Amino acid sequence: MHFLYFDPGLGAMIIQAIIAAVAGVVLFSKNLMYKIKVFFGMAKPQEDDVFDDIDIKDSEIENDNSRKS
Numbered sequence: 006m007h008f009l010y011f012d013p014g015l016g017a018m019i020i021q022a023i024i025a026a027v028a029g030v031v032l033f034s035k036n037l038m039y040k041i042k043v044f045f046g047m048a049k050p051q052e053d054d055v056f057d058d059i060d061i062k063d064s065e066i067e068n069d070n071s072r073k074s
């Protein structure tokens with residue numbers, strides 16, 4: 006029968022893997038529960054369109070770049 010040798014490095018790696026697995030399950034289930042709530046109308050969908058709030062025309066950017074050159 007072969008016994009495994011658990012040194013501090015291996016123990017830390019096992020603990021890190023367990024913590025990562027728990028964090029992954031928590032984050033995945035949180036996202037999944039949010040999508041289910043939105044589907045059934047229990048939560049309002051959030052819009053993350055940050056760039057739609059910025060009102061800059063492309064011509065203004067091109068003019069600024071041509072002045073610097």
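In our numbering, each residue's number is its place in the sequence shown (first place is 1) plus 5.
From the three backbone atoms N, C-alpha and C, an ideal C-beta is built for every residue, glycine too.
Remember, predicted model here, so these are calculated numbers, not experimental data.
What is the rounded straight-line gap between the Cα of residue i and the Cα of residue j?
i, j, result
"F45", "M18", "40 Å"
"G29", "Q21", "12 Å"
"G16", "P50", "42 Å"
Less than 8 Å between the CB atoms is what I'm expecting for residue i and residue j, so what's the real figure, rounded?
i, j, result
"Y39", "A25", "About 21 Å separates the two Cβ atoms, so there is no contact after all."
Checklist entry - What residue ranges within the region 10-56 form continuous alpha helix (DSSP H) runs of no fewer than 4 residues, ordered along the chain? => result The alpha helix (DSSP H) runs lying completely inside the region 10-56 and spanning 4 residues or more are 13-44, given in chain order.
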